[in-house]
Structures are given as structure tokens and as C-alpha cells.
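In UniProt numbering, the protein residues as written are 1 to 1071. Don't be surprised by glycine CBs; every beta carbon is placed ideally from N, CA and C. Quick caveat, the model's predicted, so the values are computed rather than measured. Worksheet for the structure shown next.
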Amino acid sequence: MTLSKLGGSTALRQTIPLWINGKQRVTSNTFPVKSAITEKTIYHCSNTSEGDADEALAAAVSAYPAWSKTKPNVRRDILLRSADIVDKRRNELEDTICEELGTDKGFARFNTATTAEMLRDAAGRIQQCVTGQIPHPQENGQSALLYKVPYGVVLGIAPWNAPYLLGLRAALYPIAAGNSCILKGSELSPRCFHHIGEIFHDAGLPAGVLNVIYTERKHSAAITNRLIRSFPVRKVNFTGSSAVGALVAAEAAKSLKPALMELGGKASVIVLEDADIELAARESARGAFANSGQACMSTERILVSNKIIEPFRQAFLKEVNAWDSGHGESCILIQHAAVERNRRLASNAEELGAILLAGNPHAPEALPGLGQESKLRLMPAVIDGVDKRMDVYYEESFGPTVSLYQIESDDEAIRLANDTEYGLSSAIFTTNLSRGLDLASQIDTGAVHINSMTVHDEASLAHGGQKNSGWGRFNAEWGINEFLQPKAGISHVFVNLGSDHPAIMEAIVHGKKYKKGQTPEVITCPHEMVALSMADGFARLTGKPQAVIVHVDVGTQALGCAVHNASAAYCPVLIFAGLSPFTIDGELKGSRTEYVHWLQDATDQRQIVSQYCRYTGEIRTGRNIKQMVNRALQFAKSDPPGPVYLTAGREVLEEEMEPYEIDQSQWGAVEPASLPEAGVKSIAELLAFAKSPLVIVGHTGRKHTALPELVKLADAVPGLQVLDCLGSDVSFPFSHRASLGLGIGTHEAIPKADVILVVHAAVPWIPVLCRPSPSAQIIHVDIDPLKENLSLFYILAKQTFRGDATTTFRQLHQYITSNETLRRIVSSGEYSKRADILEQRHAERLASLAAVAAKPSDMKSPVNSHYLGRILRESLPKNTIWCLETVTNAMPITNQLQVDTPGHLVNCGAGGLGWSGGATLGVKMATDHLAGGKGKGNFVCEIVGDGTYMFGSPGTVYWIARRYELATLTIVLSNKGWNAPRNSLELIHPTGLGSQVNNIDLGISFSPTPDFPGIAKAAAGNHAWTGIAATSEQLGELLPQAVESVKNGILTVLEVRLGTSWQAGETVSRL
């Protein structure tokens, strides 16, 4: 909804509206806005009154509760749509900034490109940033969860000089963190700020989450202070001058409100004697005169080694003389006061003995074509011989004025660079990287650039200053974390307690009685398989390891398939099991007291699960229990993540000791691995030059940040296709033109590909069914490339790297888009044709899937899995999280659900059947927990095969669901038995004896068919809605009832009877 499209109202077309509560508001009181190019009024702008400010605040307050509870993926999708809108409207946005500010097209393009990149970068980081931590309290048996919660309403105040970039970030990072926001834009560039409001509005941001206002200068302080003083505003961020920033910070301090400040600068460039002089001269000129020097990072001082001063001076003046501001030789400043300030600084320096190498502060500039004096135009000024007596030595010019200094040593360069109240940006030019890094560490600025200009802002890099240049950081995770605050809370522990846990049970009761709200919520799980599967499901959404407590060796063995699943599918989980007491005669508290203690005394209990765990250990004293637990968690969280297992004797758990503290910050996960530079170059070139490049992914979707980076890579290389070989998580958007959907073990694209990049995929293809072309170049990147827990594994790759998926995809797309040669290649017409072909093929693939999922001609026939997947996709809420364990129906169900959003589809990703029952409850518990209470989270649907349903201990599952009020929808796919074993048989013996008999003869039949919903209803004490859909017609009747039942908080199980083969359908033996 752009201004030009509003139509009807002349006021809207001629006056810039405010954005309040999702609507545009034109006020009766307006002020004129002048173009810096023509110096004439181009339109008027609505002027925010106290009443308008109060309404904007009320809208933000009203929107905050719901917005703060939105899932990270919802926020992410809005940010991604916003970025797409920026791309589509780039020309309009750039025209506006040029018209209002008088800047050149290059700087305008930098604004829009960085804005889009910031939106996409923040979108990919939200999930990880909002995830809390699990610290360890002093009391035994207790644990805690540290939430990260938004502040509430945030006031963002942004300047005019880079309105899209600076205005966007003032709102973007608060919004991404779950805050609502009032963005107070500059009165000098209001239409740019209005664009920010409409971009978010058109992207679907709920009304009131962002409100955009502007005020003429004489009323600005009053409106700003009114908002800061209002109680609902909980944090302020300000970008602007240090002088005004001090006033804003002081006002915030009066109300005890934190403030993020990015303020003025006096950036120095140090040019050492070994520098590339032409590069240094060119970058210094860009840094000094980009946007006419109107940037807080602009180069104001150039400190040049006396050994190269003369050649540098000549090279720099050559760059200055060639400088094109976009409007001829003159620079355009947005205010006459800025012109006068720069003239004063140059005149003062000249009067005190400095030499003007370029520029003339006394010469007026004319408006082109009009012959009259311009109030806003000024020639770039270069001043040589500046010393401390001169105003320009200390004062920020914020214009096209730069000073040259000679230096005799590195120490003098550092002293001069630091001799300023500011500390935002600086640069060093040298061919000696080690020397450059050493000097950089001594400069008191928020950023130091080596062999690049001082003006640089990148979405993935922290941005902020030191000293009077402010505090706090914008951009990337730093920007989002600025608007999150830690909050301690209760974590969950999934338990099946026994005779080894008296101390733990005492601690639980002690906590409930004397420390209410400070102890973890204990989830009773009468089966260990379900307990560990719940912990897995909970971790899928929170990103944090969960805890499971089981009973000695027998409980450890009962983990069975679940610990295999956690290992093979990279689930971070801490498992604790007690040991049978190691004393008999009462030597220690906790000695053996029961008959069973002798029977449960395993010689090496850890060995039961050690081959599946990243770490196993025994706690032998309470005096280092925190170190032991944290060491285990480091293994669980570090790549490759997975289960860890700790034990302790009952005597150890009963040990009495003094509480102690450790520094939790020292026990973080090992940082993920990145590709070496040579590897990035090699892979990027292979993908760019390939005719049929293919990326195969499997577990990459476990980290939600990987998907947007893979999308960028696919967009950077038109023609590249992406195949999900597992369906464990959403690793790539199904709707993207590059998506091939799910292909387990085989796909037609594999033998056709000439370059295959396998990333975190354990089984990219099954060689006896499908294999790559012998000439294909195969590259393997994985967090665990050797699969160290597997006895047999290899991919015949030309190159193999250990690397994190998110980092790998980011490295590759950044290299391709920044390399001039590769960028030119992938932008050619040939590659555009490839993109068009992919669009066509993707449309054909969707049409083919739609055709096989069409409404049956006979609605009284059994349901087919394609039709079921489509109906579920269309009938369930859009925010549904799907938990799948569909085995032989995985391909049709997954490809029909067509999920795009990370975290909205989870599958076991391993080989132990029975995972989904417990995992679905863990997912539901996590989404409710994150949303603030029972029933407040996403709709959760489990789709499970009939055999797998039985493997998952449904009696335990649905008792837990009833006990903890976890309302989910379970779809049981009833096909009268286990089809997977028959598939395995016929792959080896396609015409053997087994192929000629039915499932009863093979021992894999569910005949007579159990009452699957009835099992659940009985376990839940009849507190459940159940149904059986034997036909497509019945499915249409029952599914809406089932969905409504879940929405009403009732556990729901719907059996869907699928069409079966004769082998499964027969009920009498053939033998």
C-alpha cells in the first residue's frame, strides 16, 4: 500500500501520514518537507500531537501481549516478506531517499540493499536468540530455565541520514525479539520512514506492533520526553548526535529505563608506510565524502606515515578531484547549519595556520540551472597541518571535511586516533595483517576496518561505539539480544523414579514445599521410551537439552529405541540413572536396604548405552557435581549434539555438603565449525560452474537458522536444486522453485547432477537403488562427517569437510555474491533460463502432487495417503506443528503437507519406531510452555502408522496427555500391519516365497485390527474424543470434529483406514 496507490484523498497524496495501530493518519497540523536537491517544498508531513503520541503508545501496549507470544517462525516469515517487499520496491525507495536527502544513487542503493539483508539476517536468527539457558541451582534435584523475554514497548528514535538502514534497525530488532515499537522518524526524511511502516504493514505485521510518527523540530523534545516518561515504554534506542543522545539517555535514566545509544563519531584512518597507497586514497575518499560526509562513521582524520605522505597526498587529491557526489562536484548537505559548521571549521583551521588542499569555505555554491546561491551545497574540503588549537581537531564536522596528519610512528598513530571523545569507527591500511591486527586492538572504537573504509554496516556484524559514541550494539544476534532480557523460570524433567532416587524425591518435595516456583516441573512418565521421546520433542522447539531420570540398569535398558533415536537424530538430552548402592552394611547413608539392590547391581551400567552417547560419566562426589553435569551438557550441545548419560550411587546422592557456585558462562557449547577459505572457494566455484548442481540435505533443519541461508544459496545460483533425503525437519521451503521435496534413498535428480553437495545427510542415496553419475563431483559437509558411531559409512566424495550447515551455506552464498567473476556468471542469461526452467518444473511437480491427491470419484472407498495429506494440510490451522512417523507412507504424506516453516514439521530422523507418541507430547508441552501456559501454544498433530503407534506405548502416552492436559490430534494410519518388513523382503526376494503369501503368513499382520482410538481413550480415562474414518466420506465428516475437539482442549485420536494391498487385506492364512 504505497502513497501513490491510495487514491481518492488529496490529503493522503500530498501529506505524509503517520502509522498508528495499523492505519495511516493524516493530521490537521502539518509541516513542510523540502528536497535537498531543489531546496523547495515537495510535500507536507503530518505533525504528531500529544494525543497522537498517546494513541501510538496505546496501540503498542495493546499489541504487545499477543505479539510477544508469537512464535519465532511467525516473526521470521513477516521479516522475510518485508525483505521481499524492499527488493520489489527498491526503485521507489531509492528515488525517495535521493529526493529528500539529495544523496547519490549509489548511497541510496547501499541503504536499500543493507535494509533487505538486515531483515533476512534477523529472520534467520530469531529462534536461536530467543532461546534461553539452563543454569544449575545449588540445591540437589533442582534445575532452572532462564528465559529470554522481550521488554514490552520500545521507543526507537532514528535520524535522517540513512533513514532505511537506521530507521529499520531501530524497529527491526525490538520487533524480532517480541517487543512492540514506536518509531520516531526524522522530520527531514519522513517519507522514507513512512515507507518502513508500510513495508511492515504490507508484510502482515499485526496492527499496533509498529507505529511510526514524526514531529517538527520545535515540538520534538516534548513528544520524545513524553514517550520516554510514560510507564509502558520499557526501553529506548537512539541513533543521532552525542549531544542529543546525552539528553535522551538522561531522560531515560530518570525513569530507570535502559537505552541503546549509537552516537557521533570522529573516525580516523591510519595509513602505514607499507600500505597500498591507491587503495588507501580511494577508500579514504569514499569514507570521507559518501553521503556528503553525513554519516557517524565518516572519515574525519587521515593519519599518514611521513614516509609516504607526499605520494599519498597526491593520490588522495586525485580521488577528491574525481569525486562525483551524484550532483556534480558539490556535496549536498541536508541543512544550512551543517554547511555553515563545515565552513566555520575550515576557516578556523586556515586562520590558525592550516593549509586548505581542496575546497574553499568562502566560495558560495549555486543551484544548478537557477543561478541563485545554494544554501545546502558545499565543495569537499581537505585540510592539512591541523593541530589541537583548531576546532576541527576535536569537533565532528558531519560533512565533507577531512584533515590530513603526518605520523612518525605507530605509537603516535594510536595516540592521535584515540585523542577524541568519540569511538565509533576507524580504519588501518597496511599490507602486514599481523601489524594491522595489533594496532586495531589498541584503538578505542567499536569497529576497526583493515584495508577498507570507515563507513561500513553489515547485517551480520555487531555495530556500535565506545566512549561518547554510545553503548550497546545493533545488528545480528547482538541487535536482537539488546531487546531481550533474561528471566529465571521452571524447566521440565521427565522421570521414571525408583529405589535409587530417594534423595531426588526428597529434594522435589522440599522444593515444592519451601521453594515454590523455584524447582523444576516434574513430568511423570511410566515408560522410559516415552520419557526420552518427550525430551526429544521438547528440545526440537526450545533448542535446549532436556533432562530424563530413569531407574538403574533396568530403566536404562528400557530406554531402548529412544536412546538410539536421540543419538542417530542428534537430539541433545541429559540422561541420569542411579546406581545400585555400593555399600551393604550401612557404612554410608543410602546403603542397600532392599532385596532388589543386589539384583540390579550391573558391573558396567554405562556400557548399556555408551555406544549411543556422546559422553558417559559417573558422579562420585557431590563436591564436583556441577562440573560433571556441565561437562556432560557441553558434549550434548556441541556438534555433533546427542544424548549424554550420567550415573551416581545412592550414597553419593545422599551426601550432605555446602552449596557452591561455578561460572556457567565457562561451560558453553563448542563453537560450530566453518569451512576453510580454500574449501569455500572450491565448492562455490563448482556450484556456480555446474550445469546441474544439487544440494542434498537431511538433518540441517534441526537448526532453524540453516534454512534461510540455504534459500540465499539457492537464489544465488539459479538452477541449483535441493533434495531432502530424510524428512526429519523442514530443511528447505517446499514452495521454493529449487525444492525437489522429499526423496528417501532415491531420486531422479541424483544421477543427472554433475555437482552434488551433501550437507548433514546420513543417507543421501542408497547405492543399490540409485547412485550419482561416475563423473559427478561430490562434496560432503557434515558436523559428523565420519559418522563415528556407525561401524560402516562412507560417501565417495572428492572433498569432505567438518562444518555447520548454517555457516556453510552462509559462507558459500556470500562468496558467490561478492566474487565479481562468479556473480557475473550466475547473473547471465543462461542462468536466468535455468531459473525459469526450475519454476516450470516446480509448478509441474505441484500439479502432479495435486492430481494424485484429487478428490476420489468414489467417496465411499478407503482413503489414500496422498488425499489424506492434502486434506490435513487444508483443514488444520496454518500454524500446525506436524509430528510424523509414517514409515512407508512418509513420501506421500510429507510431500502433500508441503511445509515451508522451520520447526513446523518434525520426524524421528532415526530408526527406532515408537518415537512419535512421546515426542508429540514433548512438542505440545514446549509450544505451550513458550507461549505462556497450557493450551496457548500451536496446534500439534501426530501422524503415525498403526504398528508404530503400538510400539510407542500408547497406554503411557495418553495417560500422560490426560494427566498434563496436552490436547493433540493423533491420526493413526491403519493399513492392517507392518508394511515396512514386506518392503524389505521384496527388495531382496522380489519373486520369492514370501511375495506369494499374505501378511498373516509373514507374521506382520494386525488382524484382527486393534481399536487404536479405544486404547487411547481407555488410557485417558475416557477423557478423549475418538473416531474411525473408514472411507473418504467419513474422513470429511469426522476431521472437522476432531480439529474442533483439540481446539477445545480435548485429546483427540482419529483412526484413518487406508486402502490396502491383498497381502494386507486378507484375514486367512494361505499356508
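Among all the DSSP beta bridges, which residues are the ones paired with residue i?
{"i": "Cys883", "result": "Val906, Glu942"}
{"i": "Leu378", "result": "Cys331"}
{"i": "Val236", "result": "Leu155, Ala259"}
{"i": "Ala459", "result": "DSSP, once it has assigned bridges, lists no residue as partnering Ala459."}
{"i": "Pro32", "result": "His44"}
{"i": "Ile1004", "result": "Note: Ile1004 sits in no beta bridge, so no partner."}
{"i": "Gly54", "result": "Reading off the sequence shown, one finds Asp at residue 54, where the question assumed Gly. Per DSSP, none; premise fails for Asp54."}
{"i": "Gly578", "result": "Ala648"}
{"i": "Glu373", "result": "Ala366"}
{"i": "Arg870", "result": "For Arg870, which the question treats as bridged, DSSP gives no partner whatsoever."}
{"i": "Pro17", "result": "In the DSSP output, where bridge partners are listed per residue, Pro17 has none listed."}
{"i": "Val530", "result": "Answer by DSSP bridge pairing: none, since Val530 is not bridged."}
{"i": "Tyr595", "result": "Tyr595 pairs with nothing; no bridge assigned."}
{"i": "Trp471", "result": "Met261"}
Short of 7 Å in beta carbon distance, which residues of its chain neighbour residue i, apart from the five on each side in sequence? Order them along the chain.
{"i": "Lys691", "result": "Asp754"}
{"i": "Gly395", "result": "Reading the sequence as shown, one finds Glu at residue 395 and not Gly. Within the same chain, Glu395 has close Cβ partners Leu345."}
{"i": "Thr443", "result": "Residue 443 is actually Ile in this sequence, not Thr. Contacts found: Ile414, Ala417, Asn418, Ser426."}
{"i": "Arg1070", "result": "Val997, Asn998, Asp1001"}
{"i": "Ser452", "result": "Glu283, Ala427"}
{"i": "Ala566", "result": "Leu532, Asp536, Val573, Gly642, Pro643"}
{"i": "Met505", "result": "Leu497"}
Among the options, whose alpha-carbon lies nearest the alpha-carbon of residue i?
{"i": "Asn179", "options": "Leu80, Trp67, Ser268", "result": "Trp67"}
{"i": "Gly537", "options": "Val923, Val339, Pro311", "result": "Val923"}
{"i": "Ser284", "options": "Gly265, Val304, Thr41, Glu273", "result": "Val304"}
{"i": "Ala714", "options": "Arg810, Gly727, Thr299, Glu117", "result": "Arg810"}
{"i": "Glu100", "options": "Ala59, Arg89, Tyr164, Val130", "result": "Tyr164"}
{"i": "Val209", "options": "Leu155, Ala246, Pro981, Val271", "result": "Leu155"}
{"i": "Ala358", "options": "Ala531, Leu166, Ser347, Ala447", "result": "Ser347"}
{"i": "Val697", "options": "His760, Pro672, Pro659, Leu740", "result": "His760"}
{"i": "Gly911", "options": "Ala568, Leu757, Glu587", "result": "Ala568"}
{"i": "Ala290", "options": "Thr103, Lys388, Asn91", "result": "Thr103"}
{"i": "Leu579", "options": "Ala349, Ser499, Ile85", "result": "Ser499"}
{"i": "Leu913", "options": "Ala762, Met950, Ser62, Leu437", "result": "Met950"}
{"i": "Trp915", "options": "Arg217, Val730, Val887, Ala507", "result": "Val887"}
{"i": "Ile744", "options": "Pro733, Ala762, Arg737", "result": "Ala762"}
{"i": "Asn889", "options": "Ser875, Leu868, Pro361", "result": "Leu868"}
Got a sec? Which residues, its chain only, sit under 6 Å from residue i by beta carbon, not counting five neighbours each side?
{"i": "Thr970", "result": "Glu942, Val1053"}
{"i": "Gly955", "result": "Ala1019"}
{"i": "Gly124", "result": "Thr705, Pro708"}
{"i": "Phe635", "result": "Arg614, Tyr615, Val644"}
{"i": "Thr2", "result": "Note that Thr2 scores 42 on pLDDT, short of 50, meaning its location in the model is unreliable; the coordinates nonetheless yield the value given after this. Cβ within range, chain order: n/a, list empty."}
{"i": "Tyr815", "result": "Val680, Ala684"}
{"i": "Gln546", "result": "Ala535, Phe538, Ala539, Val573"}
{"i": "Gly465", "result": "Gly423, Leu424, Gly446"}
{"i": "Ala171", "result": "Gly156, Cys181, Leu183, Leu210"}
{"i": "Gly240", "result": "Pro159"}
{"i": "Pro17", "result": "Gln24, Arg25, Val26, Ser46"}
{"i": "Gln799", "result": "Ile779"}
Among the residues of its own chain, which have a CB less than 8 Å from the CB of residue i, if the five just before and after it don't count?
{"i": "Ile355", "result": "Ile383, Asp384, Gly385"}
For chain D, check one thing: does any of its Cβ atoms lie closer than 8 Å to the Cβ of residue i?
{"i": "Val269", "result": "In summary, chain D is missing from the structure at hand, where a single protein chain is found."}
Checklist entry - Can you find at least 3 beta carbon pairs, one from the stretch 639-646 and one from the stretch 774-794, that sit closer than 8 Å? => result Contact holds: three or more Cβ-Cβ distances are below 8 Å.
Checklist entry - How do the stretch 289-298 and the stretch 397-411 stand: do at least 3 beta-carbon pairs fall below 8 Å, yes or no? => result Enough Cβ pairs lie closer than 8 Å, so yes.
Checklist entry - Which parts of the stretch 641-703 are runs of the alpha helix (DSSP H), unbroken and 4 residues or longer, counting only runs that do not cross its ends? => result Qualifying alpha helix (DSSP H) stretches, in chain order: 650-653, 677-689.
Next on the checklist: With three or more C-beta pairs closer than 8 Å as the rule, is the stretch 201-208 touching the stretch 42-55?
Outcome noted: Judged by Cβ distances under 8 Å, the stretch 42-55 makes no contact with the stretch 201-208, as fewer than three pairs qualify.
Next on the checklist: For a minimum of 3 consecutive residues, which ranges assigned as the beta strand (DSSP E) are wholly contained in the stretch 276-324?
Outcome noted: Segments of the beta strand (DSSP E) lying fully in the stretch 276-324: 299-305.
Checklist entry - Does the stretch 877-888 come within contact of the stretch 903-922, defined as at least 3 CB pairs closer than 8 Å? => result These segments touch.
Item to check | Segment contact, 8 Å Cβ cut-off, at least three pairs: the stretch 585-603 with the stretch 663-678 | outcome: No: fewer than three Cβ pairs fall under 8 Å.
Checklist entry - Can you find at least 3 beta carbon pairs, one from the stretch 1030-1039 and one from the stretch 843-862, that sit closer than 8 Å? => result Result yes; three or more Cβ-Cβ pairs closer than 8 Å.
Checklist entry - Counting Cβ pairs, one atom from each stretch, are 3 or more of them under 8 Å apart for the stretch 224-231 and the stretch 185-204? => result No: the two stretches stay apart, fewer than three of their Cβ pairs being nearer than 8 Å.
Next on the checklist: Report the start-end ranges of each beta strand (DSSP E) in the stretch 536-570 that is 3 residues or longer and not cut off at the edges.
Outcome noted: Every unbroken stretch of the beta strand (DSSP E) spanning 3 or more residues and falling wholly within the stretch 536-570 is given here in chain order: 546-550.
Item to check | Contiguous alpha helix (DSSP H) assignments of at least 4 residues, all confined to the stretch 969-1023 | outcome: If we require 4 residues or more, the alpha helix (DSSP H) runs fully inside the stretch 969-1023 come out as 979-988, 999-1002, 1012-1019.
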